[in-house]
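Enquirer: Just so we're aligned: 21 in UniProt numbering is position 21 of the sequence shown, and the numbers increase by one with no gaps anywhere. Where is the CB? At the ideal position from N, CA and C, for every residue including glycine. Computed from a predicted model, the values in this text were never measured in an experiment. One structure follows; several queries about it will come next.
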Amino acid sequence: MTQKLSKSFWEQRWQSVDGGTPTVTASPNHTLREVAAALPPGAALDAGCGQGADALHLAERGWTVTAVDFVADALERGRRAAEQLGAEASDRIRWREADLDSWAPPRESFDLVSAHYLHGIASRTAAFGRLAAAVRPGGTLLIVGHHPASLDISGGTMPQAVFFTSADVTAALDNRWELVRVDDDLPREVAGPEGSPLRLRSSLVQARRR
Ligand SMILES: C[S@@+](CC[C@H](N)C(=O)[O-])C[C@H]1O[C@@H](n2cnc3c(N)ncnc32)[C@H](O)[C@@H]1O
């Protein structure tokens, strides 16, 4: 078991987002943009989508997206932002409230399964395994998170144990996977509490289902 962050922890974090929360962003993740740009649009799962910036980015580019989070407020923010895209793109996103610690996405159903900064899952390997199982043969799994050696971005509210390395992700993958990119030193800069930049380090696994 890894360390769980409760739903109420994340609900409070989303409630405080307009006051400035350093770990959430309204912009799509750079790694998601980069990986998706090299793929033909298909079906995507955005796991732990938060306010859905990645889901919106994909939908604008023709993907149909299932965007999953267990915080209703975050999903609502995403829905509202999607309305600004216009009906065609916004209709391509299905918002789903579910706990990724137990919810199993449909198997072999997505061309891209992406999870960015999904932290605080109790059974991380099992959850990553379920995400991997949702990728179709030939599809892509992309998991990015804060590296445990990154400085304490949460001001002590999140234990370092919720962060993970690429090895924590690849532990969930078997020989049906080709590792396309593995990185434990991906730089990430976010705005800190006083607006000063915080330089963080991310772990990334991009894998292709054979
Ligand atoms: C740091 S935010 C990242 C949001 C978005 N992926 C991004 O990169 O901006 C982590 C998100 O994961 C969600 N989350 C954490 N644990 C979850 C769980 N067990 N089930 C569903 N969502 C979860 C939180 O509610 C939060 O929205």
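Rounding to the nearest angstrom, what Cα-Cα distance links residue 95 and residue 66 in this structure?
Expert: Spanning the two alpha carbons is a distance of roughly 6 Å.
Enquirer: Which residue from 175, 208, 158, 203 puts its Cα closest to that of residue 12?
Expert: Ranking the options by Cα distance to residue 12, first place goes to 158.
Enquirer: Under the three-state reduction of DSSP, which class applies to residue 191: helix, strand or coil?
Expert: The answer is strand: DSSP assigns residue 191 an E or B state.
Enquirer: On the DSSP letters alone, give me the boundaries of the alpha helix (DSSP H) that residue 30 sits inside.
Expert: That run of the alpha helix (DSSP H) goes 30–37.
Enquirer: Excluding five sequence neighbours on each side, which residues of the same chain lie with their C-beta closer than 7 Å to the C-beta of residue 236?
Expert: Given a span of 1 to 210 for the chain in the structure shown, any question on residue 236 remains unanswerable.
Enquirer: Is any non-hydrogen atom of ligand 1 found closer than 8 Å to the C-beta of residue 13, if you look at the structure I gave you?
Expert: Indeed, a heavy atom of ligand 1 lies less than 8 Å from the Cβ.
Enquirer: Taking one C-beta from the stretch 97–105 and one from the stretch 76–88 each time, how about it: are there three or more such pairs within less than 8 Å?
Expert: No: the two stretches stay apart, fewer than three of their Cβ pairs being nearer than 8 Å.
Enquirer: Is residue 115 near ligand 2, in the sense that its beta carbon is under 8 Å from a heavy atom of that ligand?
Expert: With respect to ligand 2, the structure offers nothing, as its ligand set consists of ligand 1.
Enquirer: Who does residue 46 pair with in a DSSP beta bridge?
Expert: DSSP, once it has assigned bridges, lists 67, 114 as partnering residue 46.
Enquirer: Taking just the CA atoms, how far does residue 60 sit from residue 176?
Expert: Between residue 176 and residue 60, the C-alpha separation is close to 31 Å.
Enquirer: Which same chain residues end up closer than 7 Å to residue 178 when comparing Cβ atoms and leaving out the 5 residues on each side of it in sequence?
Expert: Counting only Cβ-Cβ distances below 7 Å, and skipping sequence neighbours, we find 207, 208, 210.
Enquirer: Which of helix, strand or coil does DSSP assign to residue 204?
Expert: Correct three-state label for residue 204: strand.
Enquirer: Please go through the same chain and pick out, in chain order, the residues whose beta-carbon is closer than 8 Å to the beta-carbon of residue 35, but skip the five residues on each side of it.
Expert: These residues qualify, in order along the chain: 112, 114, 140, 142, 206.
Enquirer: Determine the direct distance from the alpha carbon of residue 149 to that of residue 41, and round the result to whole angstroms.
Expert: Approximately 35 Å, taken between the alpha carbons.
Enquirer: Buried or exposed, going by whether 16 or more other CB atoms sit within 10 Å of the CB of residue 37?
Expert: Counting Cβ neighbours within 10 Å, residue 37 comes out exposed, since fewer than 16 surround it.
Enquirer: Is residue 70 near ligand 1, in the sense that its beta carbon is under 8 Å from a heavy atom of that ligand?
Expert: Yes.
Enquirer: Can the beta-carbon of residue 4 be found closer than 9 Å to that of residue 120?
Expert: In contact: residue 4 and residue 120 (Cβ atoms closer than 9 Å).
Enquirer: Mind checking which residues open and close the beta strand (DSSP E) that includes residue 95?
Expert: Where residue 95 is concerned, the enclosing beta strand (DSSP E) stretches over 93–97.
Enquirer: Going by DSSP, which residues form a beta bridge with residue 178?
Expert: 208, per the DSSP bridge assignment.
Enquirer: In the DSSP assignment, what residue or residues form a beta bridge with residue 121?
Expert: None, per the DSSP bridge assignment.
Enquirer: With respect to the alpha helix (DSSP H) encompassing residue 170, which residues constitute its N-terminal and C-terminal limits?
Expert: Start and end: 166–170.
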